[in-house]
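Working notes for the structure below.
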Amino acid sequence: MKKITVWLALVALMICPLAAMAETISVYNWGDYIDPVVLDMFEEETGIEVIYETFETNEDMYAKIAMGGSSYDIIIPSDYMIERMIQENLLQKINWDNVPNVKNINPRFMAESYDPTGEYAVPYTWGTMGILYNTETVEEAPTSWQTLMDETYFMDMFMLNSPRDTLAIALVMCGHDLNSTNPDDLADAKALLIEQKPMVLAYVVDEVKDKMIGGEASVALVWSGDATYCMSENDALDYVVPEEGSNIFFDSICIPANARNVAGAEKFIDFLCRADIAKINYEYVGYAIPNDAAIELIGEEYNASPVNNPPQEVLDKCQVFKYLGDDTQLYDQIWTEIISEF
Ligand code: N2P
0 MKKITVWLAL
10 VALMICPLAA
20 MAETISVYNW
30 GDYIDPVVLD
40 MFEEETGIEV
50 IYETFETNED
60 MYAKIAMGGS
70 SYDIIIPSDY
80 MIERMIQENL
90 LQKINWDNVP
100 NVKNINPRFM
110 AESYDPTGEY
120 AVPYTWGTMG
130 ILYNTETVEE
140 APTSWQTLMD
150 ETYFMDMFML
160 NSPRDTLAIA
170 LVMCGHDLNS
180 TNPDDLADAK
190 ALLIEQKPMV
200 LAYVVDEVKD
210 KMIGGEASVA
220 LVWSGDATYC
230 MSENDALDYV
240 VPEEGSNIFF
250 DSICIPANAR
260 NVAGAEKFID
270 FLCRADIAKI
280 NYEYVGYAIP
290 NDAAIELIGE
300 EYNASPVNNP
310 PQEVLDKCQV
320 FKYLGDDTQL
330 YDQIWTEIIS
340 EF
């Protein structure tokens, strides 16, 4: 008996330090933005454990990283936020020698305006903003953003709880540029959103999907990938990018400057760029992808979606968000005022 106890103690001593030393990477991503199976596959193939956390908006993610105190190996911000984080030295350059599968990414998505030298960001998904609507309750297919000001949809619409996105659409509705920093333009956008507020059932992000699939409202401001998912779950739903134009976004994988496991992060990025993995992920997440090899594997089905493949005339009316420097504070302040206004 004594011998067995001694043996067990020895075995425990051997195992515990090993367990404590197990390699990990910590990933900070949008909600519903990766297939959990992909995380399992990565852990199984590499033996690297993934510690996974989610955020709802670029601003939430930025606040956490900029405050310090937290360290992630992988984050997936959007264009304008990448531009800001490069300027503030919050990201590190990627060593492409360790990410050979980056060859699968269509070069037209690399070295975009937010990462002009193509050193910091690996394109992951892209999309537009538009109106998701229920064809059973919306008589005529919307063509204009003014649908979101139509009293027919009083307490029958959802808006995005995301400052940059929602203010951009309000700016466009007022006839202004969606990157405007002119205080008068922003005052117009603010007044419009305050006027709209009583008609809004809720300001939501990821919850919008289940709510629209469940028929809880007729119209919602959404991102195209979420529209794709909702339309696959409820045939009555459709999506439009209004004629006044919209935002086109590019979300990319980055390594924060203070990452602890850069080698692990590079393995993770390379894994996500693999054609078979990007295909599995696309089928779960629903957003358009820049991965040509994966698109080839997906086949015709990929090109059939007008939501993820908008025609050129729609793309021509879409603009990328720019980082607005100190004027970002004005956006944040206006958004807080809108959300807290009764
Ligand atoms: C949320 C993913 C949203 C990405 N599930 C929009 N940039």
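Counted the way numbering that gives the first Met the number 0 counts, the sequence shown spans residues 0 to 341. Think of the CB as a built atom: it goes at the ideal place given N, C-alpha and C, for glycine as much as any other residue.
Could you name the residues of the same chain whose beta carbon sits closer than 6 Å to that of Ile-297, not counting the 5 residues immediately before and after it, in chain order? Apart from the 5 residues on each side of it in sequence, Ile-297 sits with its Cβ closer than 6 Å to the Cβ of Lys-278 in its chain, given in chain order.
Chain-order list of residues whose beta-carbon lies under 6 Å from that of Gly-117 (same chain, five-residue window excluded): Closer than 6 Å at Cβ, skipping near neighbours: Met-109 and Ala-110.
What residues are listed by DSSP as bridge partners for Ile-247? Thr-127
Within its chain, find whatever has a CB closer than 7 Å to the CB of Ala-169; leave out the 5 residues flanking it on each side and keep chain order. Within the same chain, Ala-169 has close Cβ partners Ala-188, Leu-191 and Leu-192.
With respect to 7 Å, is the separation between the Cβ of Tyr-32 and the closest non-hydrogen atom of the ligand N2P below this value? Placement of the Cβ of Tyr-32 at a distance of less than 7 Å from at least one heavy atom of the ligand N2P is found.
What is the rounded straight-line gap between the Cα of Gly-46 and the Cα of Ala-264? 13 Å
State the Cα-Cα distance for the pair Met-66 and Leu-89, rounded to the nearest angstrom. Cα to Cα, Met-66 sits roughly 11 Å from Leu-89.
Check this for me: beta carbons of Val-306 and Thr-180, under 8 Å apart or not? no
Close beta carbons around Lys-63, own chain, < 6 Å, minus the five adjacent residues each side: Ser-69
Can you tell me whether Gly-224 is buried or exposed? The criterion is at least 16 other CB atoms within 10 Å of its CB, across all chains shown. buried
Cβ pair Trp-125, Phe-267 closer than 8 Å: no
Just the Cα atoms here: how many angstroms apart are Leu-200 and Val-218? The C-alpha of Val-218 is placed about 10 Å away from the C-alpha of Leu-200.
Using DSSP's beta-bridge definition, name the partner residues of Gln-195. BP columns for Gln-195 are empty, so no partner.
Considering just the uninterrupted stretch of the alpha helix (DSSP H) at Ile-268, what are its terminal residues? For Ile-268, the enclosing alpha helix (DSSP H) covers residues 261-272.
Cutoff 6 Å; reference Asn-260; Cβ partners in own chain excluding five residues on either side: Ile-24 and Asp-72
Between the C-alpha atoms of Glu-295 and Glu-336, what's the straight-line distance to the nearest angstrom? 47 Å
Nearest-angstrom Cα distance between Asp-149 and Val-239? 16 Å
Would you mind stating whether Ala-235 and Glu-138 have Cβ atoms separated by less than 8 Å? no
For Asp-250, verify whether its CB is less than 7 Å away from any heavy atom of the ligand N2P. yes
From the DSSP secondary-structure annotation, give me the bridge partner or partners of Thr-377. Coverage of the chain is limited to positions 0 through 341, which leaves residue 377 absent and any answer about it impossible.
Whole beta strand (DSSP E) runs in the stretch 181-229 with 3 or more residues, listed along the chain? 199-203 and 218-222
Should the stretch 312-331 be regarded as contacting the stretch 155-165, the criterion being three or more beta carbon pairs within less than 8 Å? By the Cβ test, the stretch 312-331 is in contact with the stretch 155-165, since at least three Cβ pairs between them sit closer than 8 Å.
On the three-pair Cβ rule with 8 Å, is the stretch 48-60 touching the stretch 98-109? The stretch 48-60 makes no contact with the stretch 98-109; the number of CB pairs closer than 8 Å stays below 3.
Is Asp-209 near the ligand N2P, in the sense that its beta carbon is under 7 Å from a heavy atom of that ligand? no
Let me know the secondary structure DSSP gives Tyr-330 once reduced to three states. helix
Proximity of Ala-256 and Gln-91 at Cβ, strictly below 8 Å: yes
Length of the line joining the Cα atoms of Glu-232 and Glu-282: 13 Å
Less than 8 Å between the C-beta atoms of Gln-145 and Met-128, yes or no? Their beta carbons are not under 8 Å apart, which means Gln-145 does not touch Met-128 by this criterion.
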